[in-house]
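Chemist:
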Amino acid sequence: MKTKSVSLLIVFTTVFFTLSSFKSAINIQESTVIAIYDGHESYGYNFIGKHADGETFTLTFQKVDDAVLKEFDLESEAFIKATFKITYKTKVLVTKDADGFEDEEEVNTITKLEKL
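Position in the sequence shown (first residue = 1) + 1 = this note's numbering.
Quick look at the structure:
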């Protein structure tokens, strides 16, 4: 009976560590930016911002909180070219493949939107 219990413990421990190597590590960061709404595409909501040196960049948000979408219909064209202060969270999902290599994916979610 003792041998059977030890064997089961070893099997469960091995399965746990094998499966945990495929789990995602999630890092969440909250940020704020001022940007101009550029429209909605199938992959997300696009905004154009400017760095301190004047260089422009595109920031895409894959998700928007429901409360924000109730206030701002970002799928319509009504807010295109409007300037917003955007509060958002970035989740960095880190996964490992079967070979142990890490893959990072960023998911940006708008949590608050203020029209300026």
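Note that beta-carbon positions come from the ideal geometry of N, C-alpha and C, so glycine has one too.
Alpha carbon to alpha carbon, how far is Ser-77 from Val-108? Give it in angstroms, no decimals.
Modeler: The straight-line gap from Cα to Cα measures roughly 22 angstroms.
Chemist: Suppose contacts are defined by Cβ-Cβ distances below 8 angstroms. Is Tyr-1 in contact with Leu-75 by that definition?
Modeler: Since the first residue shown for the chain is 2 and the last is 117, residue 1 is missing from the structure and cannot be characterised.
Chemist: Near Glu-72, what residues of its chain come up, given a Cβ to Cβ distance below 8 angstroms and the 5 sequence neighbours on each side ignored?
Modeler: Answer for Glu-72: Leu-114, listed in chain order.
Chemist: May I ask which residues mark the beginning and end of the beta strand (DSSP E) holding Asp-104?
Modeler: Residues 103 to 116.
Chemist: Quick one: what does DSSP say Leu-70 is sitting in, helix, strand or coil?
Modeler: Helix, per DSSP.
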